[in-house]
Amino acid sequence: MMKKITYILGLFSMLTFQSCLDMEPKTQLADTNYWQTPDHFKLFATQFYGWTVDFKQLDDSPHSDVRSDLRTGITLDVYSNGTNSIPSSDKTYTNNYNRIRQVNTLLQQAEGYAAPADIETSVGEAHFFRAYCYFDLLQVYGDVIITRTPLDIDSPEMQMARNSRDEVVDFILEDLEEAIRLLPEANEISSKDEGRLSSQAASAFLSRVALYEGTWQKFRNGGQNNDRSSALLDIAATSAHDVIESGFFELFAPEELGTEAYKYLFILENDKSNPAGITKSGNKEYIFTRRHDPTLASIGFNITQGRLGNAVYVTRKMANMYLQSNGLPINPQTWDYSKVDSEFKDRDNRMSNTLMIPGHTYWGTGGGRIDWTGSAEEIANASHKNFMPSTGTGYFPHKWCCERDGVPTGMEAYDYPIIRYAEVLLNYAEAVFERDDKISDEDLAISLNLTRKRVNPNMPDLTNAFVSANNLDMRTEIRRERTVEFYDENFRIDDLKRWKTAEEEMPMNLTGVKWRGTDYETKWSDASSKTMDAEGCIIYEQGRVWEEKHYLYPLPIDQLKLNPNLKQNPGWE
């Protein structure tokens, strides 16, 4: 029987499709001999885990920060600057529907299974992953076709119109509620099933979906809650609070790593990857991950060498978002930029945990740490000694960059956080504020202030009194915290879309370091030929546009030809 299961999984991987909903004839997949034991359902569901976001999607995805206003590269991104056009085909569309069919196949077979309690977890996983795929489709295209069964070429649904956005969201919420009911608690997952979904992972994802759609609806209603946005925001707050109350997760903040805990969170491996020798087992922040192993499943992507002082350029807008160490925003007009490292002083420690400071030493896979002591021998081995920007925007990240020595390209093995506890905390804070148009200091204390102070123990709490005394805006500060915490984790462009602020933020020039009147004039002298703005900052890209149509992607031409009832998204006709 195991050979048959292996064969059928191989068959699924080889299927070819005429359209997003076209499938091979049902006779090829209807053999119920493949669905006789719980292990068959579990094995089939295992393939779903290969669909999740991974490191490659940081640079190539509709959700990537490279398509936002926070980072850029050598090649200007057409989605970021508003020059993308209607594609002939789109794998985001076809891949998701191919996957939805496979989920529906499992759910269909489960309906007739004699002992449903024995396959509850696999069914829960199926409901989660169907929601996962539909949420991706919703974010990218808006209205999409809902299908609850595996469709065949001759199915009438093949020519149906798209379901409304509200129907799609409600369908996703129903799937996640079912997943929450069926999946095990996080503390009930056995060691052999470590990495599989928990009920709390489904609750955390529910908070993401409900916050996304609750704010999408609110800010398309003049910034005012209606019944639907209020209900969605309440779901977001409640489901996030459920995860918080479970007590199963906590922010990664080991005392031994101090103010560098944020940095090392993202490069944890079971080989020594940080000064304290903490391994993946010491991380209780990751709720659901794409798991990697140095032998069986390395990252397989140029994650360290592609970022560390290389071709990933961070924008000045991102650098300016980091607070001062006193909890207040900087004023770019008066902040000290005279030295190449001046702007990094007295700032939120996540700035130095994320961005490379000129003049500092950095280790990578091509010149890594020896013993994490900062010894002369270790410094001599560093891949970037006395780092000095000389290209791009002048801002470079070291988030996601391994410090272990001698690791071949792509052989890093840290896990990708699909959902982490920090998101749950910030989902809660934002959902409460947007639902109620206010948030208590008590709610801030159990959510946002935990992420704010993870590596900033002396930074003042964000409180209502602090906001009032310093003429701040609570919404702005909640959004700032989210942006800073999740830089380069595929949130920014979707956040701008749901807040409906993309038309303000995205057309802005992408600028770099302040060059004129600073030490950069001598240390990066050949930048003198670059275009500068009135403040003397490098303009990396200008002439950017954002139209209303860019809030949704266009449907691909091949799908519109196959089903004219789909109709194109507004503005792309």
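Quick note on my numbering: the sequence shown kicks off at 3 and runs consecutively. Yeah, the Cβ is synthetic: ideal placement off N, Cα and C, and Gly gets one too. Predicted model only: the values in this text are computed from it and were never measured.
| query | Anyone know if the C-beta pair for Ser248 and Asp560 falls short of 8 Å? | reply | Counting from one through the sequence shown, the residue named residue 248 turns up at place 246. Counting from one through the sequence shown, the residue named residue 560 turns up at place 558. For Ser248 and Asp560, no; Cβs fall outside 8 Å.
| Enclosing alpha helix (DSSP H) for Leu235 [first to last residue] | By 1-based counting over the sequence shown, the position of residue 235 is 233. Note, Leu235: alpha helix (DSSP H), Asp229 to Ser248.
| field | With 16 other Cβ atoms within 10 Å as the buried cut-off, status of Gly329 | value | Translated into the one-based positions of the sequence shown, residue 329 becomes position 327. Classification for Gly329: buried.
| request: Kindly give me the distance between the Cβ atoms of Ala212 and Leu234, rounded to whole angstroms, as I take these residues to be in contact under 8 Å. | output: The count along the sequence shown starts at 1 and reaches residue 212 at position 210. The count along the sequence shown starts at 1 and reaches residue 234 at position 232. Contact holds; Cβ gap of about 5 Å.
| Shortest alpha-carbon distance to Lys563 belongs to which of Ser157, Gln161 and Asp439? | If you number the sequence shown from 1, residue 563 lands on position 561. Ranked by Cα distance from Lys563, the options Ser157, Gln161 and Asp439 are led by Gln161.
| task | Compare the Cα-Cα distances from Asn355 to each of Phe488, Tyr430 and Glu271 and report the closest residue. | result | Along the sequence shown, read from residue 1 onward, the residue named residue 355 stands at position 353. For Asn355, the nearest C-alpha among the options comes from Phe488.
| message | Let me check understanding here. Comparing Cα to Cα, which of Ser283, Thr363, Trp374 and Val469 lies closest to Glu196? | response | In the sequence shown, the residue the question calls residue 196 occupies position 194. Taking only the C-alpha atoms, the option nearest Glu196 is Ser283.
| query | Taking DSSP as the reference, what is the three-state secondary structure of Phe290? | reply | Numbered from 1 along the sequence shown, position 288 holds the residue referred to as residue 290. Looking at Phe290 - three-state DSSP - the assignment turns out to be strand.
| said: Taking 8 Å as the threshold (C-beta atoms), are Thr363 and His400 in contact? | reply: Locating residue 400 in the sequence shown gives position 398, counting from the first residue. Locating residue 363 in the sequence shown gives position 361, counting from the first residue. Not closer than 8 Å, so no.
| said: Between Arg484, Glu287 and Thr317, which has its C-alpha nearest Ile421's C-alpha? | reply: As a first step, residue 421 is located in the sequence shown; it is residue number 419 there, counting from the start. When only C-alpha atoms are compared, the closest one is Glu287.
| said: Cutting at 6 Å between CB atoms, please list the residues of its own chain near Ser201, excluding the five before and the five after it. | reply: On the sequence shown, residue 201 is found 199 positions in, with the first residue counted as 1. Closer than 6 Å at the Cβ level, and outside the excluded window around Ser201, lie Ile182, Leu185 and Glu187.
| request: Assign Lys569 to buried or exposed, taking buried as 16 or more other Cβ atoms, counted over all protein chains shown, within 10 Å of its Cβ. | output: Walking along the sequence shown from the start, residue 569 turns up at place 567. Lys569 is exposed by the Cβ-count criterion.
| query | Quick one, which of Trp501, Pro462, Asp490 and Ser87 has its alpha-carbon nearest Thr478's? | reply | Position 476 of the sequence shown, counted from the first residue, corresponds to residue 478. Comparing Cα-Cα distances from Thr478 to each of Trp501, Pro462, Asp490 and Ser87, the minimum goes to Trp501.
| What is the DSSP secondary structure of Val314, reduced to helix, strand or coil? | Indexing the sequence shown from 1 puts residue 314 at position 312. Strand at Val314.
| said: If you follow the beta strand (DSSP E) that Glu543 is in, where does it begin and where does it stop? | reply: Within the sequence shown, residue 543 is the residue found at index 541, counting from 1. First-last of the beta strand (DSSP E) with Glu543: Cys539 to Glu543.
| query | Does the Cβ of Pro572 have 16 or more other Cβ atoms within 10 Å, making it buried, or fewer, making it exposed? | reply | If you number the sequence shown from 1, residue 572 lands on position 570. By the neighbour-count criterion, in which a residue is buried when 16 or more other Cβ atoms sit within 10 angstroms of its Cβ, Pro572 is exposed.
| message | Whole angstroms are fine: how far does the CA of Glu575 sit from the CA of Phe580? | response | Because the chain here runs from 3 to 575, residue 580 falls outside it and cannot be looked at.
| request: Pull up the CB-CB distance for Leu512 and Asp71, whole angstroms please, since I reckon it's below 8 Å. | output: Here residue 512 refers to the residue found at position 510 when the sequence shown is read from its first residue. Here residue 71 refers to the residue found at position 69 when the sequence shown is read from its first residue. Between Asp71 and Leu512 the Cβ distance is about 7 Å, and since that is below 8 Å, they are a contact.
| query | For the segment 440-458 against the segment 286-300, are there 3 or more C-beta pairs whose distance is under 8 Å? | reply | no
| Would you call the CB atoms of Val316 and Leu357 closer than 8 Å? | As a position in the sequence shown, residue 316 is number 314, starting the count at 1. As a position in the sequence shown, residue 357 is number 355, starting the count at 1. Contact: yes.
| task | Buried or exposed for Ser193, please, with buried defined as at least 16 other CB atoms from any protein chain shown within 10 angstroms of its CB. | result | Against the sequence shown, residue 193 aligns to sequence position 191. So Ser193 ends up on the exposed side.
| Rounded separation between Ser157 and Thr297 - CA only | Along the sequence shown, read from residue 1 onward, the residue named residue 157 stands at position 155. Along the sequence shown, read from residue 1 onward, the residue named residue 297 stands at position 295. About 44 Å.
| From Pro566, Leu557 and Asn565, pick the residue whose C-alpha is nearest to that of Thr94; which is it? | Sequence index remark: in the sequence shown, residue 94 carries index 92 (1-based). Among Pro566, Leu557 and Asn565, the Cα nearest to that of Thr94 belongs to Leu557.
| query | In chain order, what residues of the same chain lie with their CB nearer than 6 Å to the CB of Thr77, ignoring the 5 residues before and after it? | reply | Numbered from 1 along the sequence shown, position 75 holds the residue referred to as residue 77. For Thr77, where only same-chain residues beyond five positions count, there are no Cβ hits under 6 Å.
| query | Nearest to Val434 by CA position, among Ser241, Ser166 and Leu45, is which residue? | reply | For the purposes of this step, residue 434 is identified with residue 432 of the sequence shown, where counting begins at 1. Considering only alpha carbons, the answer is Ser241.
| Alpha-carbon spacing of Gln20 relative to Thr96, whole angstroms | Your numbering for residue 20 matches position 18 in the sequence shown. Your numbering for residue 96 matches position 94 in the sequence shown. For Gln20, the pLDDT reaches just 33, beneath the cut-off of 50, and the residue's location in the model is therefore unreliable, leaving the point undetermined.
| said: Let me check understanding here. Comparing Cα to Cα, which of Phe131, Glu159, Glu190 and Leu199 lies closest to Phe173? | reply: Locating residue 173 in the sequence shown gives position 171, counting from the first residue. When only C-alpha atoms are compared, the closest one is Phe131.
| request: Let me know the beta strand (DSSP E) ranges lying completely inside the segment 509-543, each 3 residues or longer, listed in chain order. | output: 512-516 and 539-543
| task | Report yes if the CB atom of Ala128 is closer than 8 Å to the CB atom of Ala206, and no otherwise. | result | Your numbering for residue 128 matches position 126 in the sequence shown. Your numbering for residue 206 matches position 204 in the sequence shown. Cβ distance not < 8 Å, so Ala128 and Ala206 don't count as in contact.
| Does the segment 402-411 come close enough to the segment 296-310 to have 3 or more Cβ pairs within less than 8 Å? | yes
| Counting only runs that start and end within the segment 22-109, where is the alpha helix (DSSP H) found for 4 or more residues in a row? | 40-48 and 80-83
| field | Contact check, Val142 vs Asn492, beta carbons under 8 Å | value | Start at 1 with the first residue of the sequence shown, and residue 142 comes out as number 140. Start at 1 with the first residue of the sequence shown, and residue 492 comes out as number 490. Not closer than 8 Å, so no.
| query | Start and end of the beta strand (DSSP E) containing Tyr264? | reply | The count along the sequence shown starts at 1 and reaches residue 264 at position 262. Taken as a continuous stretch (DSSP letters only), Tyr264 belongs to no beta strand (DSSP E), being part of the alpha helix (DSSP H) at Ala263 to Leu267.
| Buried or exposed: which applies to Lys220, given that a residue is buried once 16 or more other Cβ atoms fall within 10 Å of its Cβ? | Within the sequence shown, numbered from 1, the residue matching residue 220 stands at position 218. Under this definition Lys220 is a buried residue.
| field | Beta carbon of Leu267 nearer than 8 Å to that of Thr281 | value | As a working mapping, residue 267 is identified with position 265 in the sequence shown. As a working mapping, residue 281 is identified with position 279 in the sequence shown. Contact: no.
| Taking Ser124 as the reference, which of Gln49, Ser530 and Asn276 has the closest Cα? | Counting from 1 along the sequence shown, the entry for residue 124 is found at position 122. Nearest option by C-alpha distance: Gln49.
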